Structure formats: C-alpha cells, structure tokens
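Have a look at the structure below, then the notes.
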Amino acid sequence: MRTLLSILALLLALPAAALDLQPTTLQLPAAGGRSELWLHNPGPGHWQGEVRILAWEQQADAETLRPCDQILASPTRLDIAPGTRQRIWLLPRQPAPVAAERAYRVVLTPSAPGLARYSLPLFRGNPGPLAQPRLHAGIEPHPSHPSLRLENAGTLHARLHELTFVANDGRLTVLLPGLAGYVLAGRERHWALPARGDGYAGGHFQARLQDGRVVELTTPDPAIAASAPSGL
Numbered sequence: 005m006r007t008l009l010s011i012l013a014l015l016l017a018l019p020a021a022a023l024d025l026q027p028t029t030l031q032l033p034a035a036g037g038r039s040e041l042w043l044h045n046p047g048p049g050h051w052q053g054e055v056r057i058l059a060w061e062q063q064a065d066a067e068t069l070r071p072c073d074q075i076l077a078s079p080t081r082l083d084i085a086p087g088t089r090q091r092i093w094l095l096p097r098q099p100a101p102v103a104a105e106r107a108y109r110v111v112l113t114p115s116a117p118g119l120a121r122y123s124l125p126l127f128r129g130n131p132g133p134l135a136q137p138r139l140h141a142g143i144e145p146h147p148s149h150p151s152l153r154l155e156n157a158g159t160l161h162a163r164l165h166e167l168t169f170v171a172n173d174g175r176l177t178v179l180l181p182g183l184a185g186y187v188l189a190g191r192e193r194h195w196a197l198p199a200r201g202d203g204y205a206g207g208h209f210q211a212r213l214q215d216g217r218v219v220e221l222t223t224p225d226p227a228i229a230a231s232a233p234s235g236l
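Structural data, given as structure tokens:
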C-alpha cells in the first residue's frame, strides 16, 4: 500500500509534458486570410498559459520582439487537458494586402513556472515565385573572433541550416549543424565564427535554405537567389 501511494504521489507531482505543435512555421497570405496552429498536450497534466503575437525585428547583432496589434489570435488563454488538442486561429487585424513580407513570433507562455516557453515564426506575405531571399555575404575580420555577415536584399526571409565553411582544399567544417537562424527580408545578420589561422581566406561558406537546396555563400559580395516556399 505504501508503495502504491508513493507511485501515485510521484505521478501527481509530474509536470505537464511538452506540447506538440503543428505547424512549426506559420504563414499568412499577403491579402487577408487566416492560418491555424494546432497544439497537442500528451500529458500527464493540464497545460495552461497565454498566446501573444509579437512583431519580430532584426538588426545585425540583435533580434527584438515588441508588442503589436497587427495579428489577432483566438483564443488567447489556453487550458489544454492531457490527451487533447487545441486549435488557435491567427488572422490579420486589417485584411488589406501587404507589399513586403512581415515577420512575427507566436509566443506561448505557460502559467506554471519551470515549463518551456514556445516561440514560433509567423510570416505574412506572398511566398510566390517572385518572392525570394537574395543573400550577400561578407567576412568581418578579427584575429580572435571573426564574424560572417549576411545581408538579405530579397523580399522573402532566408532560413539557414547546416552553416559550413568549405576550405580551398575542399575540406568541410560544419560551424552550426542544425538551424543556424533566419535573415529576414531586407535585414542583416552577423554570426560569430571560431578563429582560424587562415582567417577564412580563400574558402567559402555554404548553407541549406528552407527549400532544401544547398547554396554557396561566397565572399565578399555575391548575390544568391533562392525561390523558396516558406518552411520551418
């Protein structure tokens, strides 16, 4: 009996499991329309929290999230029982078309302390064949901490995976094996690089974009165009 009570106490003390979210990148049409986000709580406890939509801004060395009222979420308060799903509708406050892609973050904040907060990218715009990232790469030299500079002069965000340096002899050095990050449309990002004796001279960088293609990020000043439907 004592063992059974101990097991029950342990089960009651377990925190809510992580939510399953689908999709993990959200897209709104340029002209009105809505999108949906599905949340699944596998248990064992309730997941309670709130939904906020924040404008996502990017500078060379920082990313900023700020409150905005351009995108509406319904519902905004969540209480998801274990084993159940919850749909969140996302829609623009003003259905008028937007000329350029806009970036937001859907932030799910739990009420209980110690649980993970979720932040999903949300883009509003038209990811058609004419919308594409155009990346210009460059190196910011420094003896101990050089950096890679990427400017996106295109009209669509770029999502970079598997950022790799390719030396002159063809040897590959994977710098960021997973998701390296995003370069929003019309913005610039810097990535800190480990020091190298050759200062990254003579080689080039490559990364995988959201459409699955590997592109060469040669320096100092190439333009890479990638027609890419929005992914994760």
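Under this note's numbering, think of the first position of the sequence shown as 5, with each following residue one higher.
Positions of the beta carbon are idealized from the N, C-alpha and C atoms, including for glycine.
All figures in this text were calculated on a predicted structure; none of them were measured in a lab.
Taking its Cβ as the centre, do 16 or more other Cβ atoms sit within 10 Å of residue i, making it buried, or is it exposed?
{"i": "Gln62", "result": "buried"}
{"i": "Trp42", "result": "exposed"}
{"i": "Leu12", "result": "Residue placement at Leu12 is flagged as unreliable, the pLDDT there being 38, under the threshold of 50; the coordinate-derived value follows with that caveat. That one is exposed."}
{"i": "Ala35", "result": "exposed"}
{"i": "Asp225", "result": "Confidence in Asp225 is poor, its pLDDT being 38 and thus under 50, which makes the residue's placement too unreliable to answer from."}
{"i": "Gln26", "result": "exposed"}
{"i": "His161", "result": "buried"}
{"i": "Arg121", "result": "exposed"}
{"i": "Ala107", "result": "buried"}
{"i": "Arg163", "result": "buried"}
{"i": "Leu236", "result": "For Leu236, the predicted structure reports a pLDDT of 36, less than 50, and the residue's modelled location is therefore unreliable. A value from the coordinates is still provided. So Leu236 ends up on the exposed side."}
{"i": "Ala100", "result": "exposed"}
{"i": "Arg70", "result": "exposed"}
{"i": "Val178", "result": "exposed"}
{"i": "Pro117", "result": "exposed"}
{"i": "Arg217", "result": "exposed"}
{"i": "Arg97", "result": "exposed"}
{"i": "Gly201", "result": "exposed"}
{"i": "Gly174", "result": "exposed"}
{"i": "Gly37", "result": "exposed"}
{"i": "Trp60", "result": "buried"}
Less than 8 angstroms between the CB atoms is what I'm expecting for residue i and residue j, so what's the real figure, rounded?
{"i": "Leu32", "j": "Leu94", "result": "7 angstroms"}
{"i": "Ala104", "j": "Thr159", "result": "6 angstroms"}
{"i": "His165", "j": "Leu188", "result": "With 8 angstroms as the limit, His165 and Leu188 do not qualify as a contact, their Cβ atoms being about 16 angstroms apart."}
{"i": "His50", "j": "Pro79", "result": "No, His50 and Pro79 are not in contact; Cβ-Cβ is about 15 angstroms, not under 8 angstroms."}
{"i": "Ala135", "j": "Leu221", "result": "Actually they do not touch by this definition, with Cβ atoms about 20 angstroms apart."}
{"i": "His44", "j": "Arg89", "result": "5 angstroms"}
{"i": "Leu167", "j": "Ala211", "result": "5 angstroms"}
Report yes if the CB atom of residue i is closer than 8 angstroms to the CB atom of residue j, and no otherwise.
{"i": "Glu40", "j": "Ile92", "result": "yes"}
{"i": "Phe209", "j": "Phe169", "result": "yes"}
{"i": "Gly206", "j": "Asn172", "result": "yes"}
{"i": "Val102", "j": "Leu124", "result": "no"}
{"i": "Gly203", "j": "Arg193", "result": "no"}
{"i": "Glu54", "j": "Leu82", "result": "yes"}
{"i": "Asp24", "j": "Pro46", "result": "yes"}
{"i": "Leu197", "j": "Leu152", "result": "yes"}
{"i": "Gln214", "j": "Ser115", "result": "no"}
{"i": "Leu150", "j": "Glu144", "result": "Reading the sequence as shown, one finds Pro at residue 150 and not Leu. In contact: Pro150 and Glu144 (Cβ atoms closer than 8 angstroms)."}
{"i": "Ala66", "j": "Ser148", "result": "no"}
Tell me, which residues are paired with residue i by DSSP?
{"i": "Ala237", "result": "The structure shown has nothing for residue 237, since the chain only spans 5 to 236."}
{"i": "Asp24", "result": "His44"}
{"i": "Asp83", "result": "Gln52"}
{"i": "Gly185", "result": "Leu164"}
{"i": "Leu95", "result": "Leu76"}
{"i": "Thr29", "result": "In the DSSP output, where bridge partners are listed per residue, Thr29 has none listed."}
{"i": "Ser39", "result": "Leu94"}
{"i": "Leu210", "result": "Note that residue 210 corresponds to Gln in the displayed sequence, not to Leu. Beta-bridge pairing links Gln210 to Thr168, Glu220."}
{"i": "Arg193", "result": "Leu154"}
{"i": "Arg70", "result": "Ala59"}
{"i": "Tyr122", "result": "Leu112"}
{"i": "Val178", "result": "Thr168"}
{"i": "Arg89", "result": "His44"}
Cβ of residue i within 7 angstroms of any heavy atom in the ligand ATP?
{"i": "Trp195", "result": "The ligand ATP is not part of this structure, which contains no ligands at all."}
| message | Please give me, in chain order, every unbroken run of the beta strand (DSSP E) with length at least 3 that falls completely inside the stretch 148-174. | response | 151-156, 162-170
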